[in-house]
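Position 109 of the sequence shown, counted from 1, bears residue number 432 in the working numbering, the numbering being contiguous throughout. Don't be surprised by glycine CBs; every beta carbon is placed ideally from N, CA and C. What follows is a short report on a single structure.
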Amino acid sequence: MGTENSRKLYERAMKVMPAGVSYAIRYFEPYPIYVKRASGCRVYDVDGNEYVDYWVGHGALIMGHNPPIMLKALRGIIEVGTHFGLPHEYEVEFAEQVVKMVPSAEMVRFTNSGTEANMYAIRLARAYTKRVKIGKMEGGWHGGYDALHVAVNYPFEKPESAGLTEGATKDTIPLPFNDLETISKVMRGNELACIIVEPILGAGGCIPPEDGFLQGLRELCDDYDTLLIFDEVITGFRLSPGGAQQYYGVKPDITVLGKAVGGGGLSIGAVCGRRDIMELMDHIKYKDKSERVFHGGTYVANPLVSYVGTIMLREYEKGYIYPHINKLGEKLRNGLEEVFSKYNVNAHTTGDGSMVGIHFTKKKPKNAREASEGKNEELAKEYHRFLLENKIIVVKPTLPHTFISYAHTEREIQQLIDVTEEFAKKHKGE
């Protein structure tokens, strides 16, 4: 079955939306597929094609598309109200559940996106330490906030976007992931308000921390009175009920959440952390505006996302999800690695838990620079197209990676391994 209806929709979209999409990474050459509906680990396009989905809402849908428990929660709250603009019991229960599950969270404030949460986290760190400079990892993606829109894509020295001013980015210092020695040297020469890090680099290639890296960051931040921020927009509630900080046993000062914290499919973000830091948002305690950190938003903690988020967090808390998705992630990483080795294809897998990165490089990368330098981008794009032709969707044509949901089974994982073997046979020795 073809994709003629997707092509027609794309032609319409081109007339009213820049590049015809709402987000650049949703574009596939020569045009994206347009989804009609979704269920479990599958999406169905407007032409009736069925795809196994490893995109799962940018990694947000840990339980897959439209799990019954989420649909029941939505139906339960929708007639109560979607937006009050006033406090309500659902936001209190939501906050209590986050604090209960996230090891670093003593207090929490909600936002509408991960980008917003990262913005407030940086503002909190600067206000608390009374310092200006911040450190972030090369390849780390923290949303569109100006101060963090630095060193995301290779070459990391080039501007990430038009419209970014020197004033907005000059105090952001890029740091190499998994390189404590270099980070230590940078910290000796700069008073950093914070270091912000994705515990597993997401868009940078699903690259996990080496043994001792996150612990080393914690110790360095303690030594230099610098706050440690974990951006757990992706890893939060994906690696374990308490996120990467529970999974790796390292507690940050501030945690940024998004995606799965709202249960999947609803706009959400959150910033949480130590009480003494979070209380800088308390306008009652700090009456002088120059001493407190502003936070707000029309739709923050609306009853819809608060109620559904609470229900879904309680489901994650039961813990049964993680042995399943983490086992599938291990099976996929090992299976793909074996295929690439068998056919002598210069490709490797990275990741941890249910996150899997696929790199067309000669050696397994340990940071975003290694994942970008020397990669065979054309082969990566061809692999992405081959998967799509075989009705499998993964993230990002130039740096393929996957998110596994509870709705996936060993059958879907083996299918992806088998299709990859077909591709590897055609590209033996490349």
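Is the CB-CB distance between residue i and residue j below 7 Å?
i	j	result
Pro720	Ile681	no
Tyr346	Ser329	no
Ser695	Tyr477	yes
Gly652	Val679	yes
Gln569	Pro355	no
Cys529	Gly387	no
Tyr645	Ser728	no
Glu461	Arg692	yes
Arg541	Val579	no
Val369	Lys359	yes
Gly603	Leu471	Before going further, note that residue 603 is Leu rather than Gly in the sequence given. It is not a contact, given that the beta carbons lie outside the stated cut-off.
Arg656	Ile385	no
Gly382	Phe746	no
Thr495	Val475	no
Asn441	Gly466	yes
Leu710	Val717	yes
Lys654	His671	no
Glu638	Ile392	yes
Ala396	Ile634	yes
Tyr413	Tyr706	no
Glu744	Val623	no
Cys364	Glu701	no
Alpha carbon to alpha carbon, what distance is there between residue j and residue i?
i	j	result
Glu753	Val668	5 Å
Thr438	Ser590	11 Å
Met452	Pro353	It is worth fixing the name first, because residue 452 is Thr in this sequence and not Met. Rounded to the nearest angstrom, the two C-alpha atoms are 49 Å apart.
Ile523	Thr558	7 Å
Arg511	Ala336	51 Å
Leu487	Tyr443	18 Å
Val509	Ala418	36 Å
Arg454	Gly586	35 Å
Asn649	Lys338	42 Å
Asp576	Ile506	18 Å
Asp741	His406	47 Å
Tyr643	Thr732	14 Å
Gly463	Leu515	17 Å
Arg398	Gln420	21 Å
Pro341	Tyr350	11 Å
Met424	Glu640	7 Å
Gln538	Glu402	46 Å
Gly697	Val415	50 Å
Phe479	Ala583	29 Å
Ala491	Glu483	12 Å
Gly527	Glu660	19 Å
Lys481	Pro497	12 Å
Ala764	Leu394	Residue 764 falls outside the range modelled here, since the chain spans only 324 to 753, and no answer is possible.
Asn518	Ile400	Contrary to the premise, residue 518 reads as Ile rather than Asn in this sequence. Those two C-alpha atoms are separated by around 38 Å.
Sort the options by Cα distance to residue i and report the nearest one.
i	options	result
Gly596	Thr405, Tyr333 and Phe433	Phe433
Val628	Tyr643, Gly642, Asp611 and Gly592	Gly592
Leu550	Val520, Phe536, Gly528 and Gly559	Val520
Trp378	Thr684, Arg637 and Ser677	Ser677
His664	Lys650, Phe683, Pro646 and Asn649	The question names His, yet the displayed sequence has Ser at residue 664. Of the listed residues, the one whose Cα sits closest to Ser664 is Phe683.
Gly535	Gly525, Cys544 and Asn501	Asn501
Thr621	Ser436, Gly325 and Thr633	Ser436
Leu739	Asp376, Thr326 and Ala730	Asp376
Ile715	Gly697, Gln737 and Leu702	Gln737
Thr326	Cys517, Gly565 and Gly371	Gly371
Met324	Asp599, Tyr630, Tyr333 and Tyr367	Tyr367
Gly588	Asp611, Ala361, Phe709 and His606	Ala361
Gly458	Glu412, Gly404, Ala428 and Asn513	Asn513
His618	Lys331, Gly404, Ala450 and Ile392	Ala450
Gly581	Tyr571, Gly404, Arg598 and Phe553	Phe553
Asn690	Lys331, Asp546, Val662 and Pro531	Pro531
Ile600	Glu489, Met430, His750 and Asp469	Met430
Val556	Glu334, Tyr333, Gly525 and Tyr547	Gly525
Gly565	Lys685, Val422 and Gly632	Val422
In the DSSP output, which residue or residues are listed as bridge partners for residue i?
i	result
Phe553	Val520 and Thr578
Thr434	Gly592
Glu373	Tyr367
Arg360	Tyr367
Gly458	Ile496 and Ile518
Gly697	Partner(s): none; Gly697 has no beta bridge.
Ile401	Bridge partners of Ile401: none, in fact.
Thr672	Ile681
Phe726	Met678
Val415	Beta-bridge pairing links Val415 to no other residue.
Under a CB-based cut-off of 7 Å, is residue i close to chain C?
i	result
Pro482	Here chain C cannot be found, since the structure has a single protein chain.
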